[in-house]
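*Asks:* Here the sequence shown is numbered in our numbering, starting from 353 and rising by one per residue.
Glycine is no exception: its CB is placed at the ideal position from the N, C-alpha and C atoms.
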Amino acid sequence: MKNTLKKRISEIDGSAQRQYIDAKSVFTALEEATKNAAEVRGGMLWRTQNGTDYLIRTTKNRGQKSLGPRSEQNETIYREFTQRKQRVEKRVSDLRKELERHRKLNKVFHVGRAPEILVAILNKLAASGLANYFTVIGTHSLYAFEAAAGIRFEDDNALETRDIDLLWDTRKQLSFLAQMNDINSSFLGLLREVDPTFELRRDQLFTAVNNQGFEVDVIRREAKDGDPHPLRLTDHEEEFYAVQAKRAGILLDGEKFSTVIVSSTGRMARINTISPVVFASFKRWMSGQENREHFKRQRDITQAELVEEVVAEFFPHLT
C-alpha cells in the first residue's frame with residue numbers, strides 16, 4: 353500500500369482476508385440456493401375427485417391450482433418437483449449451518465465491523481424480496497468499500513453515523529407495492545421485525561428511530577415525469593413518506609456497487625450501494641452546500657478524500 357494511504361487506511365491481515373473470501377463464498381452460494389428454493393415454494397399433491405386423481409400445485413399463500421388428471425406427464429412433473437424441492441431445501445439447510453460456522457470464524461478473526469443493526473436491516477430486506485428496491489447511500493456505504501478492498505478506514509469520525517439512508521426507487525413503485533402486499537406488511541412493520549422499538553418521527557415522517565437513537569431514513573429522487581408527491585411507501589395507516597433529496601436522481605441512475613459486509617459479531621449481509629466514484633463525487637458536491645452544517649461538510653470532504661484514495665489504489669478500473 354502507498355505510504356500516503358497508510359496513515360488513514362490500513363489493510364486487514366492475511367488471515368482475516370482469507371476468512372472473508374471463504375465466508376463470502378458460502379454466503380453467495382446460500383443466496384443462489386435461496387433463490388432456487390423460492391422457485392419451489394409451496395408444494396404438489398394428489399387429490400381425488402369423482403374417482404379421478406388430480407395433481408394440485410399449492411403456493412406459499414395457500415393458493416391452489418389444478419395441473420390436470422393423473423397422467424404419465426403429471427407423474428413425472430410431481431416426481432421431479434418433489435425431488436428438486438428436497439434437494440434445494442437440503443442445500444439451503446446445509447449452507448446455513450456452514451454459514452453459522454463461518455460467522456463464528458469471522459468474529460474470531462475480526463473480519464468485519466459493520467453495525468449489527470445495518471446487517472440486520474439488509475438481511476430483512478433481502479428475506480422480504482425488497483433488496484432491489486433500495487440503495488444504501490451515505491456513510492454506511494463506506495462499509496461496502498472497506499469489505500471489497502479488504503481495508504479499514506482509520507479515521508473513526510468518517511464512519512460516525514446514527515442513521516441509514518435508503519434511496520427508494522420510485523420507478524419500481526408498482527412492483528414494490530405488489531411485493532409489500534404479498535408479504536402483507538408495511539415498511540415500518542418490517543423494521544419492527546428487526547427491532548420492535550422503531551417508531552416514526554412525527555416531525556419528519558420519512559424517519560423511523562429506535563430506542564437506541566438509530567434512525568432509518570427513506571429518500572427518493574426529486575419528483576419528475578409525473579411522480580406523485582408526497583408519496584407514502586404503502587397505504588398502511590402507520591407508514592413512511594419518502595422525502596425528496598436534491599440530486600438523488602444522480603445516485604439512482606449512477607453506477608451501483610454490491611458486495612457482502614460483515615458485522616463485528618460475524619454476521620453477513622449483501623449491501624447494494626453506489627459506486628465509490630459516484631460516492632466521492634456526490635460527497636464533494638455536498639461539502640460545497642453552504643446551508644449544510646459545518647461539521648457535516650468537513651466529514652463530507654474527509655469521506656470523499658478517503659474514497660478517492662481507495663479508488664485509486666484498489667478500484668482503478670472504476671475510473
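Less than 8 angstroms between the CB atoms is what I'm expecting for ALA375 and VAL471, so what's the real figure, rounded?
*Replies:* On the sequence shown, residue 375 is found 23 positions in, with the first residue counted as 1. On the sequence shown, residue 471 is found 119 positions in, with the first residue counted as 1. Wrong, their Cβ atoms sit about 13 angstroms apart, outside the cutoff.
*Asks:* Look up ILE623 in the DSSP assignment and give the residues it is bridged to.
*Replies:* By 1-based counting over the sequence shown, the position of residue 623 is 271. Beta-bridge pairing links ILE623 to THR611.
*Asks:* For LYS608, collect the residues of the same chain with a Cβ closer than 8 angstroms to its Cβ; drop the 5 residues on either side in sequence, then sort them by chain order.
*Replies:* Locating residue 608 in the sequence shown gives position 256, counting from the first residue. THR487, ASN624, THR625, ILE626 and SER627.
*Asks:* Less than 7 angstroms between the beta carbons of GLY490 and SER615, yes or no?
*Replies:* As a first step, residue 490 must be located in the sequence shown, where it is residue number 138. As a first step, residue 615 must be located in the sequence shown, where it is residue number 263. Their beta carbons are not under 7 angstroms apart, which means GLY490 does not touch SER615 by this criterion.
*Asks:* For PHE461 versus SER367, is the C-beta spacing smaller than 7 angstroms?
*Replies:* Here residue 461 is taken as the residue at index 109 of the sequence shown, counted from 1. Here residue 367 is taken as the residue at index 15 of the sequence shown, counted from 1. Yes, these two residues count as a Cβ contact at 7 angstroms.
*Asks:* Give the range of the alpha helix (DSSP H) segment to which SER616 is assigned.
*Replies:* To locate residue 616, count along the sequence shown from 1; it is residue 264. Element bounds for SER616: n/a, residue is neither H nor E.
*Asks:* My understanding is that PHE592 touches LEU557, with C-beta atoms under 8 angstroms, so please give their C-beta distance in whole angstroms.
*Replies:* Within the sequence shown, residue 592 is the residue found at index 240, counting from 1. Within the sequence shown, residue 557 is the residue found at index 205, counting from 1. About 7 angstroms; that satisfies the 8 angstroms criterion.
*Asks:* Give me the Cα-Cα distance between LYS524 and LEU604, rounded to the nearest whole angstrom.
*Replies:* Position 172 of the sequence shown holds residue 524. Position 252 of the sequence shown holds residue 604. Going from the Cα of LYS524 to the Cα of LEU604 covers about 12 angstroms.
*Asks:* Helix, strand or coil for GLU332, going by three-state DSSP, please let me know.
*Replies:* In the structure as shown, the chain starts at 353 and stops at 671, and residue 332 therefore has no counterpart that could be examined.
*Asks:* My guess is that ALA510 and LEU407 are in contact by the Cβ rule of under 8 angstroms, so how many angstroms apart are they, rounded?
*Replies:* Here residue 510 corresponds to residue number 158 of the sequence shown, with the count starting at 1. Here residue 407 corresponds to residue number 55 of the sequence shown, with the count starting at 1. About 59 angstroms; that fails the 8 angstroms criterion.
*Asks:* Would you call ASP517 buried or exposed, if buried means 16 or more other Cβ atoms sit within 10 Å of its Cβ?
*Replies:* Locating residue 517 in the sequence shown gives position 165, where the first residue counts as 1. With 16 or more Cβ atoms within 10 Å of its Cβ, ASP517 is classed as buried.
*Asks:* Can you tell me whether DSSP reads GLN672 as helix, strand or coil?
*Replies:* In the structure as shown, the chain begins at 353 and stops at 671. Residue 672 is therefore absent and cannot be evaluated.
*Asks:* Please list the segments of the alpha helix (DSSP H) lying wholly inside the segment 455-542, counting only runs of 4 or more residues, in order along the chain.
*Replies:* As far as the segment 455-542 is concerned, its whole alpha helix (DSSP H) runs of at least 4 residues are 468-479, 493-501, 508-511 and 525-535.
*Asks:* Does the Cβ-Cβ distance between PHE379 and VAL612 come in under 7 angstroms?
*Replies:* On the sequence shown, residue 379 is found 27 positions in, with the first residue counted as 1. On the sequence shown, residue 612 is found 260 positions in, with the first residue counted as 1. Yes, Cβ-Cβ distance for PHE379 and VAL612 is below 7 angstroms.
*Asks:* Considering only their Cβ atoms, is the gap separating VAL570 from TRP520 smaller than 7 angstroms?
*Replies:* By 1-based counting over the sequence shown, the position of residue 520 is 168. By 1-based counting over the sequence shown, the position of residue 570 is 218. Cβ atoms of TRP520 and VAL570: closer than 7 angstroms.
*Asks:* Using only alpha-carbon positions, find the residue among ASN484, SER445 and ASN413 that is nearest to SER610.
*Replies:* As a position in the sequence shown, residue 610 is number 258, starting the count at 1. Looking at the Cα atoms, ASN484 is the closest of the given residues.
*Asks:* What is the DSSP secondary structure of LEU585, reduced to helix, strand or coil?
*Replies:* In the sequence shown, the residue the question calls residue 585 occupies position 233. LEU585: coil per DSSP, three-state reduction.
*Asks:* Give every residue of the same chain whose Cβ lies closer than 7 angstroms to the Cβ of PRO582, excluding the five residues on either side of it in the sequence, and list them in chain order.
*Replies:* Within the sequence shown, residue 582 is the residue found at index 230, counting from 1. Cβ neighbours of PRO582 beyond the five flanking positions: TYR593.
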